[in-house]
Ligand SMILES: *Cc1c(COP(=O)(O)O)cnc(C)c1O
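In my numbering, the protein residues as written are 647 to 1049.
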């Protein structure tokens, strides 16, 4: 496995490109994809990277070159994927609560798609009849994932068509001759337990009996990766083995063969990323020492939005005496990246690295407080390359009247 970037390398990158700075180690992405393909050897499988985790064009381009497909959650993501050189046959679109106009726009590109409401499926069937194969996103009523905000398959979730509404779906197919090619579920993010995927397979195999035209079982994404030291991710080799067993045994017993699709987002890009930030201010309030940094929830919102844990390292003083800090952002909100975190002594001017900053980090950033978005750098073959320049004032003014 590619070694994590060293504290010296990270400090040097911060000096060269300035802070705050996102850094992505491309080799780590390639390795994650390798791990997937080797774990699923012998299974008829396809992977579609869930682009919403990180859509930088250079990242998309790198992932395209690995041979992986891409899963998009909006028409604009499909446009970015096309721009990055993905062929429509390698693009999948899985959306939620979108207009039928958006669905038609994506359909015109030739991408695969999963539709997640009876209402849009009816419109699709009425317009395309049997001519355009489509996937249907089901809600399996399985509770899984790191926390409720990132759980999507449970029985109060807005995502997918509840399995108990299958009779309505079957009626709709009879009426419009809709061509259902794929059954899809995505039960949430950070699913460690292989059994959750096994449960999903069981539900979909049962459902598929009523859909003779189905060729693909799409199990979505949601593989867990370690965030905390010592934490374990989804056991991908065990998952590969389990999936192979289930699909082989179905084929043996019933003669039905399905291709299996996955849509990994976090698994592909979480660990490749670092957010480098400089400590602006140290503030000792008596009970708490705040290390105030030059970034905030405008750049990386996961700790504040989901209570997510991100490991933090002091790159410029890694051997300092350990103290306890609240690492706090510079936005006019309570935006602590970490509370009571033991870290080597932090001094003003130190460079901290926030780890696991590849997935849902830059991608969820905003211009809140009219601050600039960070620059992004990709390391490939040992070389650092700027893949998005830091904002300038013109980026905040663009598209607005001068007043
Ligand atoms: C977000 C999403 C994914 C990726 O989830 P991860 O937890 O990042 O793997 C996959 N499929 C769909 C439909 C999604 O919405």
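Just so it is clear, CB atoms sit at the ideal spot from N, CA and C, and this is done for glycine as well. In this text the structure is predicted, and so the values were computed from the model without any measurement.
- For the 8 angstroms CB-CB criterion, residue 1002 and residue 873 form a contact.
- The same chain holds no residue with a CB closer than 6 angstroms to that of residue 661 once the five nearest residues on each side in sequence are set aside.
- As DSSP reads the structure, residue 808 sits in a beta bridge with 785.
- In this structure, the straight-line span from the alpha carbon of residue 848 to that of residue 842 is close to 10 angstroms.
- Under the DSSP definition of a beta bridge, residue 923 partners with 998.
- Inter-segment contact for the region 726-737 and the region 884-901 is absent: fewer than three beta-carbon pairs are separated by less than 8 angstroms.
- For residue 1027, there is no enclosing beta strand (DSSP E), as DSSP gives it neither H nor E.
- Annotated as distal: residue 956 and residue 1019, with beta-carbon spacing of 8 angstroms or more.
- Ranking 943, 958 and 884 by CA distance to the CA of residue 952 puts 943 first.
- DSSP places residue 685 in the uninterrupted alpha helix (DSSP H) bounded by 672-685.
- In the pairwise beta carbon analysis, the region 733-743 is classified as not touching the region 768-778: fewer than three pairs are separated by under 8 angstroms.
- Straight through space, the alpha carbons of residue 703 and residue 759 are spaced by roughly 21 angstroms.
- Less than 8 angstroms divides the Cβ of residue 974 from the Cβ of residue 982.
- Here residue 816 carries a helix assignment [DSSP, helix/strand/coil].
- Nearest C-alpha to residue 884 among 804, 840 and 875: 840.
- Across the structure, residue 844 and residue 735 are spaced so that their CA atoms are roughly 27 angstroms apart.
- Residue 809 places its beta carbon 8 angstroms or farther from that of residue 829.
- Every alpha helix (DSSP H) of 4 residues or more that sits fully in the region 813-893 is shown, in chain order, as 840-854.
- For residue 1036 against residue 1021, the beta-carbon gap comes to about 4 angstroms, under 8 angstroms, which counts as contact.
- Here the alpha carbons of residue 962 and residue 654 stand approximately 7 angstroms from one another.
- Put simply, the backbone Cα of residue 657 is about 6 angstroms away from that of residue 997.
- The beta carbon of residue 1014 sits no closer than 7 angstroms to any heavy atom of ligand 1.
- Between residue 1023 and residue 919, the alpha-carbon positions lie close to 10 angstroms from each other.
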